[in-house]
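S.K.:
2 protein chains.
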Amino acid sequence: MATIADIGVSALINILSMLAFLIAFALLRIQPINDRVYFTKWYIAGKRSSPRNRGGGVVGKIVNLNCKTYLSFLNWIPQALQMSESEIIAHAGFDSAVFLRIYLLGLKIFGPIAVVALLVLIPVNASGGTLFFLSRDLVVSNIDKLSISNVRPKSYKFFVHISMEYLFTFWACYMLYKEYDRVASMRLKFLASKDRCPEQFTVLVRNVPHISGHTVSDSVESFFQKNHPGQYLCHQGVYSAKKFAKLVKKRSKLQNWLDYNQLKFERQPDKRPTRKTGFLGLWGKRVDSIDFYNQEIKDLDEKMIIERQKIMKDPKSVMPAAFVSFKSRWGAAVCAQTQQSKNPTLWLTRWAPEPRDVYWKNLAIPFVSLTIRKLMISVLLFALVFFYIIPIAFVQSLANLEGLERVAPFLRPIIEWKLAKSFLQGFVPGLALKIFLFVLPSILMIMSKIEGHVCLSVLERRTAAKYYYFMLVNVFLGSIVAGTAFQQLHAFLHQSATQIPRNIGVSIPMKATFFITYIMIDGWAGIAGEILRLKPLVIFQLKKMFIVKTERDLEKAMDPKSIDFPETLPSLQLYFLLGTVYMAVTPILLPFILIFFAFAFFVYRHQVINVYNQKYESAGAFWPHVHGRIIGSLIISQLLLMGLLSTKKAANSTPFLVVLPILTLTFHQYCKSRFEPAFRKYPLEEATTKDTQDEASSASDIELKSYLSDAYLHPIFHAVEEVELTEVKVDKPRPR
Amino acid sequence: MATIADIGVSALINILSMLAFLIAFALLRIQPINDRVYFTKWYIAGKRSSPRNRGGGVVGKIVNLNCKTYLSFLNWIPQALQMSESEIIAHAGFDSAVFLRIYLLGLKIFGPIAVVALLVLIPVNASGGTLFFLSRDLVVSNIDKLSISNVRPKSYKFFVHISMEYLFTFWACYMLYKEYDRVASMRLKFLASKDRCPEQFTVLVRNVPHISGHTVSDSVESFFQKNHPGQYLCHQGVYSAKKFAKLVKKRSKLQNWLDYNQLKFERQPDKRPTRKTGFLGLWGKRVDSIDFYNQEIKDLDEKMIIERQKIMKDPKSVMPAAFVSFKSRWGAAVCAQTQQSKNPTLWLTRWAPEPRDVYWKNLAIPFVSLTIRKLMISVLLFALVFFYIIPIAFVQSLANLEGLERVAPFLRPIIEWKLAKSFLQGFVPGLALKIFLFVLPSILMIMSKIEGHVCLSVLERRTAAKYYYFMLVNVFLGSIVAGTAFQQLHAFLHQSATQIPRNIGVSIPMKATFFITYIMIDGWAGIAGEILRLKPLVIFQLKKMFIVKTERDLEKAMDPKSIDFPETLPSLQLYFLLGTVYMAVTPILLPFILIFFAFAFFVYRHQVINVYNQKYESAGAFWPHVHGRIIGSLIISQLLLMGLLSTKKAANSTPFLVVLPILTLTFHQYCKSRFEPAFRKYPLEEATTKDTQDEASSASDIELKSYLSDAYLHPIFHAVEEVELTEVKVDKPRPR
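In order, the protein sequences belong to chains A and B.
Read in full-length UniProt numbering, the first sequence has 115 at position 115, and its numbers run on one by one without any break.
Read in full-length UniProt numbering, the second sequence has 406 at position 406, and its numbers run on one by one without any break.
#1: For A/L589 versus A/I516, is the C-beta spacing smaller than 8 Å?
#2: Taking the alpha-carbon positions, what's the A/F201 to A/I372 distance?
#3: With distances taken from CA atoms, which of B/Y166, B/A117 and B/I519 is nearest B/L663?
#4: Evaluate contact between the segment 701-716 of chain A and the segment 350-364 of chain B, counting only Cβ atoms and requiring at least three cross-stretch pairs below 8 Å.
#5: Does the Cβ of B/I435 have 16 or more other Cβ atoms within 10 Å, making it buried, or fewer, making it exposed?
#6: Pull up the CB-CB distance for A/V475 and A/L574, whole angstroms please, since I reckon it's below 8 Å.
#7: Output the distance between the C-alpha atoms of B/F322 and B/V220, rounded to the nearest integer angstrom.
#8: Do B/I446 and the ligand FAD come close, with the Cβ less than 7 Å from some heavy atom?
#9: State yes or no: is the beta carbon of A/I13 nearer than 8 Å to at least one beta carbon in chain B?
#10: When burial is assigned at 16 or more other CB atoms within 10 Å of the CB, is B/A525 buried or exposed?
#11: For A/Q231, decide whether its Cβ has a neighbour in chain B, counting only Cβ atoms nearer than 8 Å.
#12: With DSSP collapsed to three states, give me the class of A/P315.
#13: Determine the DSSP secondary structure at A/T202, reduced to helix, strand or coil.
#14: For A/L22, count the other beta carbons within 10 Å of its own beta carbon; 16 or more makes it buried, fewer makes it exposed. Which is it?
#15: How about B/S562 and B/N503: are their beta carbons less than 8 Å apart?
#16: Quick check: what's the CA-CA separation for A/R251 versus A/A80?
#17: Can B/K350 and B/K690 be called in contact, C-beta distance under 8 Å?
#18: Would the beta-carbon of B/R461 fall within 8 Å of that of B/H627?
#19: What residues in the segment 330-361 of chain B bring their beta carbon closer than 7 Å to a beta carbon of chain D?
#20: If we define contact as Cβ-Cβ less than 8 Å, is B/R373 a contact residue for chain A?
#21: Indicate the three-state DSSP secondary structure (helix, strand or coil) for B/L713 in the structure shown.
#22: Which of the residues in the segment 494-527 of chain A, read from start to end, lie with their CB under 7 Å from any CB of chain B?
#23: From residue 768 of chain B to B/F540, what distance separates their C-alpha atoms?
#24: Looking only at its chain, what residues have a beta carbon closer than 8 Å to the beta carbon of A/V506, apart from the 5 residues adjacent to it on each side?
#25: Counting only beta-carbon separations shorter than 8 Å, does B/Q79 have a partner in chain A?
#26: In chain order, what residues of the same chain have a beta carbon less than 6 Å from the beta carbon of B/T209, not counting five sequence neighbours either side?
#27: At which residues does the beta strand (DSSP E) containing B/T349 begin and terminate?
#28: Does the beta carbon of B/L574 sit closer than 8 Å to a beta carbon anywhere in chain A?
#29: Classify B/L16: buried if its beta carbon has 16 or more other beta carbons within 10 angstroms, exposed otherwise.
#30: Where do the N-terminal and C-terminal ends of the beta strand (DSSP E) with B/Q495 fall, by residue?
#31: Does any residue of chain B have a CB that is nearer than 8 Å to the CB of residue 822 of chain A?
#32: Quick one: any contact between the segment 259-279 of chain A and the segment 287-305 of chain A, if contact means 3 or more CB pairs under 8 Å?
#33: Determine the direct distance from the alpha carbon of B/A45 to that of residue 772 of chain B, and round the result to whole angstroms.
#34: Would B/K342 pass as a contact of A/L27 if the rule is Cβ separation under 8 Å?
#35: In the DSSP assignment, the beta strand (DSSP E) including A/R275 goes from what residue to what residue?
#36: Using only the alpha-carbon positions, how far apart do B/R629 and B/V603 sit?
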């Protein structure tokens, strides 16, 4: 167990590295050459132009020469706070604004709890405990003195801890309720204030049955004409167009080369660029580049038109799914929420996601296949969470020297070389684990994709959930109980239901110092690393040096991506878990978490405003998950406290805790039924109100139809110029 | 452990008592005096008249003198089988027909399983087992020789049991799937073939918000006018009318007396009946009875009209709930399946149950209260299932002699009397438990009512679920593991997750003889008791002797009630559980269950046709529960077999079983999403089809409105004559 001095040293190191990151950030961000990395969002919004066009000399375009700007290296914090929440919603989207609220929620929950816990529990724990008297000199500086470990077994003081757990749970639930209420009403307001957009009128229909003699388009048309008379407007089919997608990709590459050559020609008008016609331009006849690419593109366009017509006509490339649009939001709301067909596996309807949010590949998965996929992935996830260490250990055993020598005897001379030997032995065994942890989010995302969800937002939420389970077992439990997850699973199966929380609970106070260090490294320094954006910076500069040829390439290179929900949400939820578990046990941990929440709030507010560009808008659809996981943390905390107290022989006080998980679960049930429909359904009242508003501003059916007709066209068809697309707009309803 | 001879004796006794019951039934049912008890359904359907009017002399009216009818005492069985299923649906309702299918399903599942199990497992178990060789003479007639206990530990024969468990599970799932499919399509066909009825057009709206300055009726009207334009037709408010209900009750009593006196006068036209005006007609002025009751009824009618008007006007007696009717089934289907308001706790809509099925008292429970009630009842149910023995033990301890003497010293002389003493000591301690078990279904029904469900059918289903949990813990587990449920709970909490199925599994083969006896007593003899209807018979004859005055009283006295779903469904499911648990362990139990299913099928088919009169029609809404419980039984059976095998040290074969519960659960998930919507939702396709049919047969809106206007009037308002009710039909939509 670490002494307070140890923690002090660790804190110092972490604060120093944090400061180093921040100073580096402050220096790098004001260099014009990095402008596109640190202010990406503004470039995308079109509100900031390249500093190269702003004058200041050749050097001034690359390095900042204004000394004054170097002095205020923390001035990004007030800048980040200037924007109001509604401005953030307008600027960076609702998801980002709600994401920031999670950090605020952390402050709101743990702020008052920390104050009360420090004022009440620390004196209770510190005064007259076992450790205090028995070993005053030995461990007087141990932070265990401030934790529940310091209280004598069978003490009546445990009533204080129990009542504090009650108090803290009630406070947390109160804040959760208020926040859920606020987010739900914000979401409804946001949806209500949204301008007319295709997803309000559109429903995604899957599992369209195959009726012989009819095309999918015909069946969709006649089914909805019949069952939603007076409401059905039009629909858009879904195509499987792998070959076409390849052509589109090829065309964009050719276009890029053409742009590059034209740019080159503009800069040196005296010399037309040329290239050879052979493989990679290495041999063959030398031709004029611009003419060559123009001709190639023309040829490709012809091919694409033929291919596109083939897709439209070929019944095999039409998927049994469609986006059906209605004349009013009311009609769409009704269709999305009702069952259409006698057979509930056919004609499945749900709200259409935003066009940007659609994951096209999963639209046509049959119903039975979905069930099997879900089963397969849950089994796989379970195996991944508990047994991931087995293949890694296997790889590690292969990677050790004897194994390597056996597998590849020709490597013997290198292995025998001493430097390589120590490098291999010291570095390689850890490498397999590092690589695994690095690719884990991608693996989880692939698993979610196999599960068959149809929107990117759901895919990300499911990935976040999987990642959270992994962290819960391997980071939280793995740190508290020694041994691999596999060993823990074995132990859990062979322990009684009351023994498990005891075994975990009893080690909790002992691991407080470990988690404090974890928070400082992962939370404090990690967040400072987040604002520095070292990886995107390096990648951007490398790309700029070697790949970027045209303006389009530059834009591609600076793509900031969205906030990485699948990774940030679970780690955020882990902090909530740590906070709730330790709030009644070792309250000294809370200030460290508070610092994390506050600092991360500033950093992400800055990043949301200046960097990230959300690729879709789910209107805060992840909130129910955030809420649910915090409730889960509360229950874990209560169970572990019960386990801990029962090892302290506090038999007279522990039973009082039994009621708390039941109350918490009931609260969760209530919140679920009270607020979750706001995130899943679209009330008819709202739809009618918006429809009435629309009628006032007079938008006719025909206008609406043309507005909706190709909103849900597959993006690869959009990629081609607009002129050619007129031919693609099929599936318009016939005149009645 | 009982020998086969023991079981033979027990079987003989039970078969004899079964035969005695059947002969008693055969004798009693052909006596004209009992006709109304054994053919109630036909009286209610109006297809059978009192045998008294059929001639045959005075004695012939009471006792059957036709000797021929005595000879064929089993001829009710072919009679019961004559009706086809569709005739049963028309005669006794869909619920009854589906209820009978559960018994058939039992035969379909366990019939082939029994054949295979007896042919394959019995030889495997019997040959060369431990018991066979080691103790040939001692237990050679023990039925354990035929069970899995006879197989040597670590034997490879366990692979046979495991593959049989797989085979049986697949067969059971296949039958379950086919049956679910059949019942679901039968249900849809039944609903589609139903004539126009109010619940097709009506939606129950609860939690209507209070808007100041508006009555509930006004808010409902304007809300649905706005959000379901063109579809809304009319609505019917819900009133709280306790005082009115009392008046209605009083009036029906007076009417009965009037009828009685008029009947008396008709029989003796020379003497007008008289009565005294005082209390119970014991003193006071003697008046003409017919005039007296006529006057009383007239007075009461006036009071009732005033009271009714008061109810209609008083905003306090109008509940925040309403039955809203739509112009088409499509409109109602849309409203029932969508969310209406931004606040998901307001304007809650669901399909209106049949008017007969409504449980009026629960229509106005606020949303928050529902959550709290559910929590309270689940805690209570948990306590009831596991701790019910505690208060009973307390009562028993009070009821013993010393306790009684202390509480009531004046009883000492009686207690000291020897006969009374032995009676008290022998009988009273068991009495408390008996009384508890007798009133248990009523207690569970009251608990379900407190939970706040709005239809009788749901109330009965919830009660059945509660009763099943009670039986699962106290009958099934309680018989296998020794000790009270409370002790079991304690043991479970202190055992590991893998130890629990081991501890239960290991005792399963040992309890086979007990359960065989249980099946014979509760199943065979119990069902024979069911057909005898001894209790209703006695009660009917007693009522007829002492209470019945008029024809109306007679009808009341013969009321056969519905099939007692809350008791029959759980016990039926218990038989499925026994069958699945023992099918791979002690297959000799299966024939006993098969006999139960077959016999019970005949008996209930007879009862459904001749006796029971369903008070509502839920169109088989209980099927998903039946399906779910059988799946649950399969999983319990797999887990227990795993536990059992692991005690047999079959470490090489047991892991093969782990996959089975996962597959079974996935199958359940699939069935749930495939079929359950047919029981919960009403597809728009169906609604449209029926609407189109209706249009063809031309039913105008006005006609429909008058048809629906008082379909959902509170039944007590219906009780009063139709003439007066014209004034009560308020809440008609105003002319537009």
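Ideal Cβ positions, reconstructed from N, Cα and C, are used throughout, including at glycine.
All figures in this text were calculated on a predicted structure; none of them were measured in a lab.
M.R.: Looking at the coordinates:
#1: yes
#2: 32 Å
#3: B/Y166
#4: no
#5: exposed
#6: 7 Å
#7: For the record, residue 322 of chain B in the displayed sequence is Ala; it is not Phe. So the two alpha carbons sit approximately 8 Å from each other.
#8: In the structure on display, the ligand FAD does not appear, and there are no ligands present to speak of.
#9: no
#10: buried
#11: no
#12: helix
#13: strand
#14: buried
#15: no
#16: 41 Å
#17: One point to set straight first is that residue 350 of chain B is Arg, not Lys, in the sequence displayed. In this structure, B/K690 does not lie closer than 8 Å to B/R350 by Cβ.
#18: no
#19: Given the protein chain composition of this structure (A and B), no chain D is represented.
#20: no
#21: coil
#22: H494, Q495, S496, A497 and T498
#23: Outside the displayed span of chain B (1 to 736) sits residue 768 of chain B, for which this structure offers no information.
#24: G643, L644 and T647
#25: no
#26: Before going on, a small fix: residue 209 of chain B reads as Pro here, not Thr. Cβ within range, chain order: L346.
#27: L348 to W351
#28: no
#29: exposed
#30: Segment: none, B/Q495 is in no beta strand (DSSP E) and carries neither H nor E.
#31: Given that chain A is displayed from residue 1 to residue 736, the structure contains no residue 822 of chain A and the question cannot be resolved.
#32: yes
#33: It is not possible to answer for residue 772 of chain B, since the shown part of chain B is limited to 1 through 736.
#34: no
#35: T274 to K276
#36: 23 Å
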